[in-house]
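Visitor: Residue numbers (the numbering used here), protein chains in the order written: chain A, 146 to 376; chain B, 146 to 376.
Number of protein chains: 2
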Amino acid sequence: MPESKAKAAAAQDAGLEAGALVNVRKRQARSAETRTNILNAATQEFAEFGFNGASTRSIAKRANVLHNLVIYHFETKIGIWQAVMRHALGWYHQAFEERLAGLRGVDPVTKLRLIQLDFVRMAAEHPELHWLMSHEAGQRGERIEWIINTLLGSGFETWRDLIVAAQEAGAYVKGDPLHLHYLFIGAAGRIFMLSAEVEHVLGKSPFDPDFVEEHARVVQELFFRDPPRKS
Amino acid sequence: MPESKAKAAAAQDAGLEAGALVNVRKRQARSAETRTNILNAATQEFAEFGFNGASTRSIAKRANVLHNLVIYHFETKIGIWQAVMRHALGWYHQAFEERLAGLRGVDPVTKLRLIQLDFVRMAAEHPELHWLMSHEAGQRGERIEWIINTLLGSGFETWRDLIVAAQEAGAYVKGDPLHLHYLFIGAAGRIFMLSAEVEHVLGKSPFDPDFVEEHARVVQELFFRDPPRKS
DNA sequence: GTCTATATTATGATAGAC
DNA sequence: GTCTATCATAATATAGAC
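If you want it as structure tokens, here you go:
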């Protein structure tokens with residue numbers, strides 16, 4: 146935390162008369178808004194250009210704030226980046242946990258089908274997430290280490306368990322479940338990361354809602370298999 | 146072309162005594178070597194960091210040359226980038242054309258199987274190619290337009306025709322052939338672009354030769370289907 | 001919290017000696 | 001073709017007024 150920010154927090158903790166308190170709250174609201182704007186702008190910039198390619202100035206410009214406010218709110222460039230990753234991956238994990246919680250009791254094959262459908266739709270709606278990971282996950286380095294150590298939780302176990310269960314039911318293609326999960330990630334998400342090229346070759350945007358659904362359907366046809374008939 | 150380079154070429158065209166000619170040839174050889182070193186270094190840098198993230202100085206450092214030689218040999222930053230793309234995509238297209246030429250007369254299903262196998266092996270051996278495209282193909286912009294207009298040839302038609310033929314033989318999953326090609330590209334290549342994360346989650350490098358072959362096998366299991374029995 | 005101003009380093013690009 | 005030196009701009013980051 147920057148010193149000035151810490152001081153402001155301390156001033157708030159101390160007793161303040163009513164009028165001053167209102168002003169403090171107004172300022173806090175504006176601060177929170179600025180911070181959010183910067184965070185969203187930084188998400189887009191880091192997704193598009195990667196850590197090196199993005200600049201605090203372009204982030205500030207996109208967020209419509211003065212460039213030094215980016216550093217003020219997040220201390221360093223790596224600080225903004227970490228905040229972006231925490232926010233993006235946190236949101237992603239939460240979305241899946243809530244989805245899975247809603248599917249309690251559903252059989253694993255259906256469950257896997259449904260969260261894979263969600264995954265495809267999310268890849269179309271939030272390709273930034275794929276880009277953010279993509280820029281880091283390709284080469285060893287401090288940032289991917291940080292992601293692995295502080296943000297990558299036990300999400301993969303859930304996918305693995307569901308795939309194993311679907312395989313045991315004879316409903317999913319055979320093979321190492323986590324390997325298959327990465328095949329799925331590639332098949333499901335890559336087309337949205339190549340959207341400009343795809344648009345030229347296919348003659349339509351992969352983000353077109355109808356296409357997204359068709360895409361999800363075909364992806365599932367690749368991985369799911371008809372289970373053997375019982376008796 | 147830089148003026149100094151044009152002058153050197155002119156001097157070469159003029160008559161020169163034997164000793165001087167040898168020196169000119171030595172210089173040309175060194176120049177060509179420098180250019181090649183820069184091109185290879187630039188390929189790695191652009192693949193890793195994208196156009197904005199890479200710098201002419203980091204390219205020069207990697208190539209072990211003085212930083213201004215990068216500009217001398219390629220005029221501008223976009224000039225180096227274009228040379229990299231021409232070289233990388235040219236090599237890629239040539240490799241496939243030669244492979245296909247060698248497969249003249251082979252039935253389309255086998256042909257598709259074999260060039261897909263090559264594609265997977267190439268993605269493992271040269272992930273730079275996927276990165277170079279990846280950094281540009283995600284968003285509209287001058288560079289992807291340049292790629293589409295000057296480098297993207299008729300390669301996609303070949304893939305489409307082979308996929309259609311394999312579908313007609315009942316040996317390939319149904320669906321829009323070019324859409325399926327992008328699904329294949331994602332399934333085949335994405336795992337190598339996430340190598341650092343994959344290594345952590347799977348416990349082994351996706352570049353491991355045995356894994357590459359297993360990966361290629363599973364990818365084909367996703368897309369190829371048993372054709373209906375005859376008679 | 002925000003704004004102006006500034007320090008410092010990195011970057012793309014050029015000029016001129018050899 | 002390469003090397004030294006340099007320029008102009010853009011980058012990360014900080015200091016201090018309000």
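Each residue gets a CB set at the ideal place from its N, CA and C atoms; glycine is no exception.
By the three-class DSSP mapping on this structure, what secondary structure does A:F352 have?
Guide: Translated into the one-based positions of the first sequence, residue 352 of chain A becomes position 207. Here A:F352 sits in coil by DSSP.
Visitor: What does B:A237 reach in chain A if we use C-beta pairs closer than 7 Å?
Guide: Position 92 of the second sequence holds residue 237 of chain B. Checking the sequence shown, residue 237 of chain B turns out to be Tyr, not Ala. Those within 7 Å of B:Y237 in chain A number zero; the least Cβ separation is about 14 Å.
Visitor: Report yes or no: is there a C-beta of chain A within less than 9 Å of the C-beta of B:A156?
Guide: For the purposes of this step, residue 156 of chain B is identified with residue 11 of the second sequence, where counting begins at 1. Low confidence applies to B:A156: its pLDDT is 42, below 50, so where it sits in the model is not reliable enough to give any reading.
Visitor: Hey, would you say A:H238 sits closer than 9 Å to A:G334, going by beta carbons?
Guide: For the purposes of this step, residue 238 of chain A is taken as the residue at position 93 of the first sequence. For the purposes of this step, residue 334 of chain A is taken as the residue at position 189 of the first sequence. Against a cut-off of 9 Å, the Cβ pair of A:G334 and A:H238 comes out as no contact.
Visitor: Under 9 Å, Cβ to Cβ, is there at least one residue of chain A near B:F352?
Guide: Locating residue 352 of chain B in the second sequence gives position 207, where the first residue counts as 1. Not one chain A Cβ lies under 9 Å of B:F352.
Visitor: State yes or no: is the beta carbon of A:L367 nearer than 9 Å to at least one beta carbon in chain B?
Guide: For the purposes of this step, residue 367 of chain A is taken as the residue at position 222 of the first sequence. Judged by the 9 Å Cβ criterion, A:L367 is in contact with chain B.
Visitor: Suppose the cutoff is 8 Å on Cβ atoms and the five residues either side in sequence are ignored; what does the same chain contact list for B:L325 look like?
Guide: Taking the first residue of the second sequence as 1, we reach residue 325 of chain B at position 180. Cβ neighbours of B:L325 beyond the five flanking positions: I308, Y317, V318 and F368.
Visitor: Counting only Cβ pairs nearer than 7 Å, list the residues of chain B close to A:M338.
Guide: Position 193 of the first sequence holds residue 338 of chain A. Within chain B, the residues near A:M338 are S279 and G283.
Visitor: Roughly how many angstroms lie between the CA atoms of B:I260 and A:H218, to the nearest whole one?
Guide: Residue 260 of chain B sits at position 115 when you count from the first residue of the second sequence. Residue 218 of chain A sits at position 73 when you count from the first residue of the first sequence. In a straight line, the C-alpha of B:I260 is about 51 Å away from that of A:H218.
Visitor: What does B:F369 pair with, by DSSP beta-bridge criteria?
Guide: If you number the second sequence from 1, residue 369 of chain B lands on position 224. B:F369 pairs with B:Y317.
Visitor: Considering only their Cβ atoms, is the gap separating B:A282 from A:V357 smaller than 9 Å?
Guide: On the first sequence, position 212 is the one that residue 357 of chain A refers to. On the second sequence, position 137 is the one that residue 282 of chain B refers to. Against a cut-off of 9 Å, the Cβ pair of B:A282 and A:V357 comes out as no contact.
Visitor: Could you tell me if A:I223 is buried or exposed, where buried requires 16 or more neighbouring beta carbons within 10 angstroms of its beta carbon?
Guide: Against the first sequence, residue 223 of chain A aligns to sequence position 78. The residue is exposed, with fewer than 16 neighbouring Cβ atoms inside 10 Å.
Visitor: Taking only beta-carbon atoms, is A:G334 less than 9 Å away from chain B?
Guide: Position 189 of the first sequence, counting from 1, holds the residue named residue 334 of chain A. Answer yes: the Cβ-Cβ gap between A:G334 and chain B drops below 9 Å somewhere.
Visitor: For chain B, check one thing: does any of its Cβ atoms lie closer than 9 Å to the Cβ of A:N197?
Guide: For the purposes of this step, residue 197 of chain A is taken as residue 52 along the first sequence, with counting starting at 1. Cβ-Cβ to chain B under 9 Å: yes for A:N197.
Visitor: Here's the rule: buried if 16 or more other CB atoms are within 10 angstroms of the residue's CB, otherwise exposed. What is B:S149?
Guide: Residue 149 of chain B sits at position 4 when you count from the first residue of the second sequence. Low per-residue confidence applies at B:S149: pLDDT is 44, beneath 50, and the placement is therefore not dependable enough to give any value.
Visitor: Cα separation between A:G235 and A:L296?
Guide: Position 90 of the first sequence, counted from the start, is the residue given in the question as residue 235 of chain A. Position 151 of the first sequence, counted from the start, is the residue given in the question as residue 296 of chain A. Cα to Cα, A:G235 sits roughly 8 Å from A:L296.
Visitor: From A:E178 to A:T255, what does the alpha carbon distance come to, in whole angstroms?
Guide: As a position in the first sequence, residue 178 of chain A is number 33, starting the count at 1. As a position in the first sequence, residue 255 of chain A is number 110, starting the count at 1. Computed Cα separation, rounded: 40 Å.
Visitor: Verify the CB distance criterion: does B:I289 have a CB-CB separation below 9 Å to chain A?
Guide: Within the second sequence, numbered from 1, the residue matching residue 289 of chain B stands at position 144. Output row for B:I289: interface = yes.
Visitor: Residues of the region 185–218 of chain B in Cβ contact with chain A at a cutoff of 7 Å, in chain order, please.
Guide: The residues in question are E193, F194, G195, N197 and G198.
Visitor: For the pair the region 183–191 of chain B and the region 225–232 of chain B, tell me if three or more CB-CB distances fall below 8 Å.
Guide: Because the criterion of three Cβ pairs below 8 Å is met, the region 183–191 of chain B and the region 225–232 of chain B touch.
Visitor: B:V318 touches chain A at which residues, Cβ-Cβ below 7 Å?
Guide: Reading the second sequence from its first residue, position 173 is the one you call residue 318 of chain B. Simply E366 and L367.
Visitor: From A:A153 to A:E242, what distance separates their C-alpha atoms?
Guide: One-based indexing of the first sequence puts residue 153 of chain A at position 8. One-based indexing of the first sequence puts residue 242 of chain A at position 97. With a pLDDT of 44 at A:A153, under the threshold of 50, the modelled position of this residue cannot be trusted; read the value that follows with caution. Spanning the two alpha carbons is a distance of roughly 36 Å.
Visitor: Could you list the residues in the region 293–321 of chain B with a C-beta less than 9 Å from some C-beta on chain A, going in chain order?
Guide: Listed in sequence order: I293, L297, F301, V318, K319, G320 and D321.
Visitor: Looking only at C-alpha atoms, which of B:P322, B:A311 and B:A332 sits nearest to B:P372?
Guide: Looking up residue 372 of chain B in the second sequence gives position 227. Out of B:P322, B:A311 and B:A332, B:A311 has the C-alpha closest to the C-alpha of B:P372.
Visitor: Does B:F329 have its Cβ less than 9 Å from a Cβ in chain A?
Guide: Stepping through the second sequence from its first residue, residue 329 of chain B is reached at position 184. Chain A contact via Cβ: present.
Visitor: Taking C-beta to C-beta, are A:V364 and B:L328 nearer than 9 Å?
Guide: For the purposes of this step, residue 364 of chain A is taken as residue 219 along the first sequence, with counting starting at 1. For the purposes of this step, residue 328 of chain B is taken as residue 183 along the second sequence, with counting starting at 1. Yes; because the gap between Cβ atoms is below 9 Å, this pair is in contact.
Visitor: Find the residues of chain A that neighbour B:L234, judging by a C-beta separation of less than 9 Å, and give them in chain order.
Guide: Residue numbering aside, residue 234 of chain B sits at position 89 when the second sequence is read from its first letter. None at all; the shortest Cβ gap to chain A is about 12 Å.
Visitor: If you check the beta carbons only, do B:I336 and B:P351 fall under 9 Å apart?
Guide: The residue you call residue 336 of chain B lines up with position 191 of the second sequence. The residue you call residue 351 of chain B lines up with position 206 of the second sequence. Their beta carbons are under 9 Å apart, which means B:I336 touches B:P351 by this criterion.
Visitor: Could you compute how far the alpha carbon of B:A361 sits from the alpha carbon of B:L257?
Guide: Translated into positions along the second sequence, residue 361 of chain B becomes position 216. Translated into positions along the second sequence, residue 257 of chain B becomes position 112. Their backbone Cα atoms lie some 13 Å apart in a straight line.
Visitor: Which class does B:A155 belong to by DSSP, given the choice of helix, strand or coil?
Guide: Looking up residue 155 of chain B in the second sequence gives position 10. Summary for B:A155: the model assigns pLDDT 40, below 50, so the residue's position carries little reliability; its value from the coordinates is reported in the next sentence. Three-state result, B:A155: helix.
Visitor: Assuming B:N294 is part of the alpha helix (DSSP H), what are its boundary residues?
Guide: As a working mapping, residue 294 of chain B is identified with position 149 in the second sequence. Its alpha helix (DSSP H) spans residues E287 to T295.
Visitor: For A:R207 and A:A186, which I take to be in contact (beta-carbon distance under 8 Å), what is that distance rounded to the nearest angstrom?
Guide: Here the question's residue 207 of chain A lines up with position 62 in the first sequence. Here the question's residue 186 of chain A lines up with position 41 in the first sequence. 4 Å between Cβ atoms; contact.
Visitor: Roughly how many whole angstroms lie between the Cα atoms of A:L323 and B:W291?
Guide: In the first sequence, counting from the first residue as 1, residue 323 of chain A sits at position 178. In the second sequence, counting from the first residue as 1, residue 291 of chain B sits at position 146. About 38 Å.
Visitor: Check the Cβ-Cβ distances between A:P253 and every residue of chain B, and say whether any is below 9 Å.
Guide: To locate residue 253 of chain A, count along the first sequence from 1; it is residue 108. A:P253 does not count as touching chain B.
Visitor: Give the DSSP-derived three-state secondary structure of A:N168 in the structure shown.
Guide: Against the first sequence, residue 168 of chain A aligns to sequence position 23. In the structure shown, A:N168 sits in a helix (DSSP, three-state: H, G or I).
Visitor: Report yes if the CB atom of B:G195 is closer than 9 Å to the CB atom of A:G198, and no otherwise.
Guide: Translated into the one-based positions of the second sequence, residue 195 of chain B becomes position 50. Translated into the one-based positions of the first sequence, residue 198 of chain A becomes position 53. It is a contact, given that the beta carbons lie within the stated cut-off.
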